[in-house]
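Contents: one structure, followed by commentary.
In the numbering used here, the protein residues as written are 24 to 114.
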């Protein structure tokens with residue numbers, strides 16, 4: 024059986040290679056375009072709101088939605104537009 028000795032330099036090289044790979048993964052995720060249609064649980068998580076609040080936003084027309092087969096879908100771009108439209112700028 025062949026034994027290979029790992030030196031501190033080997034560990035240091037591995038560390039930098041691992042960090043580079045992690046950085047690439049993070050950069051790739053940041054560049055990825057969000058999904059066009061989101062379901063209710065994804066919208067609740069995105070906005071940090073409860074089920075009741077999401078229902079109220081649907082009822083009062085703040086968030087447009089599409090319903091197909093009992094599943095409610097929200098357009099990501101329209102959610103972001105609603106956030107911009109309802110921005111309050113207190114000076």
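The beta-carbon is built from N, C-alpha and C at its ideal position, and this holds for glycine as well.
Same chain, Cβ closer than 8 Å to residue i, five either side skipped, listed in chain order
| i | result |
| --- | --- |
| residue 69 | 61 and 102 |
| residue 92 | none |
| residue 41 | none |
When the options are compared against residue i, the one with the closest alpha-carbon
| i | options | result |
| --- | --- | --- |
| residue 109 | 86, 58 and 91 | 86 |
| residue 96 | 24, 46 and 63 | 63 |
Contact check, residue i vs residue j, beta carbons under 8 Å
| i | j | result |
| --- | --- | --- |
| residue 99 | residue 58 | yes |
Assumed close pair residue i, residue j - CB separation to whole angstroms, cut-off 8 Å
| i | j | result |
| --- | --- | --- |
| residue 90 | residue 77 | Between residue 77 and residue 90 the Cβ distance is about 13 Å, and since that is not below 8 Å, they are no contact. |
Other residues of its chain near residue i: CB distance less than 7 Å, five sequence neighbours each side excluded
| i | result |
| --- | --- |
| residue 94 | 62 |
Spatial neighbours of residue i in its chain, beta-carbon cut-off 6 Å, leaving aside the 5 residues before and after
| i | result |
| --- | --- |
| residue 81 | 88 |
Query raised in the report: Of all the alpha helix (DSSP H) runs that stay within the bounds of the stretch 44 to 108, which reach a length of 4 or more residues?
Result: Within the stretch 44 to 108, complete alpha helix (DSSP H) segments of at least 4 residues are found at 63 to 70, 74 to 82 and 99 to 108, given in chain order.
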